[in-house]
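Quick note on full-length UniProt numbering: the sequence shown kicks off at 1 and runs consecutively.
Report on the following structure.
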Amino acid sequence: MTLFGCGQSSLAKVDILTRIEETPKIFWGVKNDTRLFGLTNIETRKVEGFDIDIALAITEEILGPEGEAVFVEVTSKTRIPLIKNGNIDAIIATMTISEERLKQVDFSDVYFDAGQSLLVKKGSPIKGVEDLDETTTVLAVKGSTSAINIRKFAPEAKILELENYAEAFTALQSGQGDAMTTDSAILLGMVEENPNYQLAGEIFTDEPYGIAINKGQEPFLAAVNEALATMKENGTYQAIYDKWFPNVNE
């Protein structure tokens, strides 16, 4: 059974692998507003997406069919504090591996390769990151690598940071910004649901996604990496990828 909650009580700060083997339950920090990766289904109230299915498969690989994946909502801003506080065991939430984040958490092997891009309304004069100047406002999400990167690639543009993807896209629709920036796979999910918008230009960064785990949890990290490797070998990973990205070649 899979549960979803916005607030979980702090988990005991013990060895995670030992704890989950005794009480077969892994607490995953996930997005609930990101189409294709982690989005709440308004009919079932369950969160669905690529990240969710990967987490479910890893949980089963480590704990067997009786293992339970418990999903806790996180944002780019809250995910590291939640894992540092022990509220969650792992973060699988479109999280880019970066040197800065590696100072706070450890990461699994890469489970998805993404790249940063721009989303604009069809007919926009913005054709790529090179068109962003002092007259343009770019929308990004607080705490994301995208917000940091866009300042490097478009130093003259004004940057408006919002709490999450839903707020950023709403701001784009209402004219508060000229473009929105995040990883291309996330933006493609928005285009799929909003055909009046399109990606502008080429990907301008590499964004390897990893599963974040608190430092000092090496046995659990090793178990996650072993599960990922097994899933890639036995076809489970590819089946999940094809389910969510049927028109994209790896």
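We treat Cβ as the ideally placed atom computed from N, Cα and C, and that holds for glycine.
Original post:
What is the rounded straight-line gap between the Cα of N225 and the Cα of Q104?
Top reply: 19 Å
**OP:** Identify whether K158 lies in helix, strand or coil by the three-state DSSP scheme.
**Re:** strand
**OP:** Just mark R79 as buried or exposed, buried being the case when its beta carbon has 16 or more other beta carbons within 10 Å.
**Re:** buried
Original post:
In terms of residues, what are the limits of the beta strand (DSSP E) holding K25?
Top reply: K25 to V30
Original post:
Between the stretch 138-150 and the stretch 179-199, are three or more C-beta pairs nearer than 8 Å?
Top reply: yes
Original post:
With DSSP run on the structure shown, which of helix, strand or coil describes A12?
Top reply: In this prediction, A12 scores a pLDDT of 41, lower than 50, which makes its location untrustworthy; the coordinate-derived value is nonetheless stated afterwards. DSSP places A12 in coil when its eight states are reduced to three.
Subject >> Touch test, the stretch 23-39 against the stretch 49-58, Cβ-Cβ under 8 Å, three pairs minimum >> reply: yes
Subject >> Proximity below 8 Å, CB of M95 to CB of G189 >> reply: no
Original post:
Is T145 helix, strand or coil by DSSP?
Top reply: helix
Original post:
Taking the Cβ atom as the reference point for each residue, do T40 and N164 lie within a distance shorter than 8 Å?
Top reply: no
Original post:
On the premise that L118 lies in contact with G201, defined as a C-beta separation below 8 Å, what is that separation, rounded to the nearest angstrom?
Top reply: 6 Å
Original post:
Which value, in whole angstroms, describes the spacing of the CA atoms of G216 and N196?
Top reply: 47 Å
Original post:
CB of T230 to nearest heavy atom of the ligand SAH: below 7 Å?
Top reply: The model depicted lacks the ligand SAH and carries no ligand whatsoever.
Subject >> Residues bridged to G38 (per DSSP) >> reply: T34
Subject >> Beta-ladder partner(s) of A180, from DSSP >> reply: Per the sequence shown, residue 180 should be read as Met rather than Ala. In DSSP, M180 forms a bridge with L119 and L139.
Subject >> Where V105 sits in the DSSP three-state scheme >> reply: strand
Original post:
Hey, P24 and E73: beta-carbon distance below 8 Å or not?
Top reply: no
Original post:
Leaving out the 5 sequence neighbours to the left and right, which residues in its chain are closer than 8 Å to E60 when beta-carbon positions are compared?
Top reply: G67
Subject >> Close beta carbons around G115, own chain, < 8 Å, minus the five adjacent residues each side >> reply: D183, S184, I203, F204, T205, D206 and E207
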